[in-house]
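Visitor: Below are the structure tokens for one structure; questions will follow.
Residue numbers (the numbering used here): 57 to 358.
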């Protein structure tokens, strides 16, 4: 049985010609940004890649089809419709029902890999949640990255998660983590989490070299490129620490648990920072797209 995968002509032509392509997730469009700013941002992300000579492949599920590359009308649908957030486990259900949804890092990686796209830019990865020693709560992103040979550029994981435990899980799962011009893992809004990294790379060509070696070894796990914001673009560290502490306090006070924790914490931090954290989110994605474009261009040259 063939995979219900639809690759846009622009993406298909670029892959056939060996031109650089970068995958983009759709969850940030549907769930990560407010309307109507989300559609403007989605268009800007794609244009940023085109300006760099790279073809964008925004990933989503529409009407029971896995989509690699969206038309502008399809981008509008993802931005305007109340679609669910889809991880890998959700794909069989939404396909069986002929439904639509926005893809997380896990689902985006899976679809991009099947389309033949090797580089993916996102904001931050999912990870191990605080208190996971009793809740066993961790993102499916981690397991997916252990099974999909894609290169993901991210600004680490959000500080609402357990960053040290996330790095331990990535190590256990055999996921290669490279610091892009840094020897410390970033914590999304902040340049550094204080967690050291074993490996650092200076540029996109170095990442492409690691990708080539992974192909030779026939490894099936991902490469995570941890790309921090410049110091002058990160969220004010004092503001970040105050907002995070207060958001965690409110979460505990309200007894919020399970999958509701992260959305509550993120929305509370946006409120407490008076929107500054949301502005930093956009800078993070744009910075990761820039690096992903460099990597995809170097990979295409190989």
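The beta-carbon is built from N, C-alpha and C at its ideal position, and this holds for glycine as well. In this text, all values refer to a predicted model and were calculated from it rather than measured experimentally.
Along the beta strand (DSSP E) that carries residue 123, what are the first and last residues, could you check?
Guide: 121-124 is the extent of the beta strand (DSSP E) around residue 123.
Visitor: Kindly indicate which residue of 80, 108 and 103 has the alpha-carbon position closest to the one of residue 117.
Guide: Nearest C-alpha to residue 117: 80.
Visitor: Among residues of its own chain, excluding the 5 on either side of residue 336, which ones have a beta-carbon nearer than 6 angstroms to its beta-carbon?
Guide: 245 and 291.
Visitor: For residue 329, which three-state DSSP category applies?
Guide: Three-state result, residue 329: coil.
Visitor: Taking residue 210 and residue 181 to be in contact with their CB atoms under 8 angstroms, please state how far apart those CB atoms are, rounded to whole angstroms.
Guide: Indeed they touch by this definition, with Cβ atoms about 5 angstroms apart.
Visitor: I'd like the span of the beta strand (DSSP E) that includes residue 235, first residue to last.
Guide: 232-236 is the extent of the beta strand (DSSP E) around residue 235.
Visitor: Touch check for the stretch 151-167 and the stretch 103-112: three-plus C-beta pairs under 8 angstroms?
Guide: No contact exists between the stretch 151-167 and the stretch 103-112.
Visitor: Tell me which residue opens and which closes the alpha helix (DSSP H) that residue 68 is part of.
Guide: That run of the alpha helix (DSSP H) goes 65-73.
Visitor: What does DSSP give as the partner residue(s) for residue 185 in the beta ladder?
Guide: DSSP, once it has assigned bridges, lists 217 as partnering residue 185.
Visitor: Is there contact between the stretch 341-358 and the stretch 276-292, where contact requires at least three CB pairs shorter than 8 angstroms?
Guide: With the cut-off at 8 angstroms, the stretch 341-358 and the stretch 276-292 touch.
Visitor: Just reading off the alpha helix (DSSP H) that residue 293 is part of, what are its end residues?
Guide: Start and end: 293-310.
Visitor: Quick check on DSSP: helix, strand or coil for residue 204?
Guide: Here residue 204 sits in coil by DSSP.
Visitor: Just to confirm my understanding: we take residue 230, look at its own chain, exclude 5 residues before and 5 after, and list those with CB closer than 7 angstroms. What are they?
Guide: Within the same chain, residue 230 has close Cβ partners 202 and 277.
Visitor: Taking the alpha-carbon of residue 91 as reference, which of 221, 138, 311 and 251 has the nearest alpha-carbon?
Guide: Ranking 221, 138, 311 and 251 by Cα distance to residue 91 puts 138 first.
Visitor: Residues in its own chain within less than 8 angstroms of residue 252 by CB, not counting five upstream and five downstream?
Guide: Result list for residue 252: 239, 240 and 241, in chain order.
Visitor: Kindly indicate the opening and closing residues of the alpha helix (DSSP H) around residue 262.
Guide: Segment 260-273, the alpha helix (DSSP H) holding residue 262.
Visitor: How is residue 278 classed by DSSP in three states: helix, strand or coil?
Guide: Three-state DSSP puts residue 278 in coil, outside helix and strand.
Visitor: Okay, do the stretch 267-282 and the stretch 304-320 touch, 3+ Cβ pairs below 8 angstroms being the bar?
Guide: No, they do not touch.
Visitor: How is the beta strand (DSSP E) around residue 247 delimited, first residue to last?
Guide: It spans 246-252 - the beta strand (DSSP E) in which residue 247 sits, taken as one unbroken run.
Visitor: Roughly how far, in whole angstroms, is the beta-carbon of residue 86 from the beta-carbon of residue 134, given that I think they are within contact range, below 8 angstroms?
Guide: Contact holds; Cβ gap of about 5 angstroms.
Visitor: According to the Cβ coordinates, are residue 355 and residue 153 closer than 9 angstroms?
Guide: Result no, Cβ atoms of residue 355 and residue 153 do not sit closer than 9 angstroms.
Visitor: What first and last residue would you give for the alpha helix (DSSP H) that runs through residue 101?
Guide: Note, residue 101: alpha helix (DSSP H), 93-107.
Visitor: Are residue 254 and residue 205 closer than 9 angstroms when you measure CB to CB?
Guide: No, they are not a contact pair.
Visitor: For the beta strand (DSSP E) that contains residue 80, what are its first and last residues?
Guide: It spans 77-80 - the beta strand (DSSP E) in which residue 80 sits, taken as one unbroken run.
Visitor: Go to residue 112, then tell me how far its beta strand (DSSP E) extends in each direction, as first and last residue.
Guide: Taken as a continuous stretch (DSSP letters only), the beta strand (DSSP E) holding residue 112 covers 111-118.
Visitor: Starting from residue 241, trace the beta strand (DSSP E) in both directions and tell me its first and last residue.
Guide: Segment 240-243, the beta strand (DSSP E) holding residue 241.
Visitor: Residue 347: buried (16+ other C-beta within 10 angstroms of its C-beta) or exposed?
Guide: Residue 347 comes out buried.
Visitor: Residues in its own chain within less than 7 angstroms of residue 159 by CB, not counting five upstream and five downstream?
Guide: The answer, listed in chain order, is 81, 82, 83, 115, 116, 117, 142 and 167.
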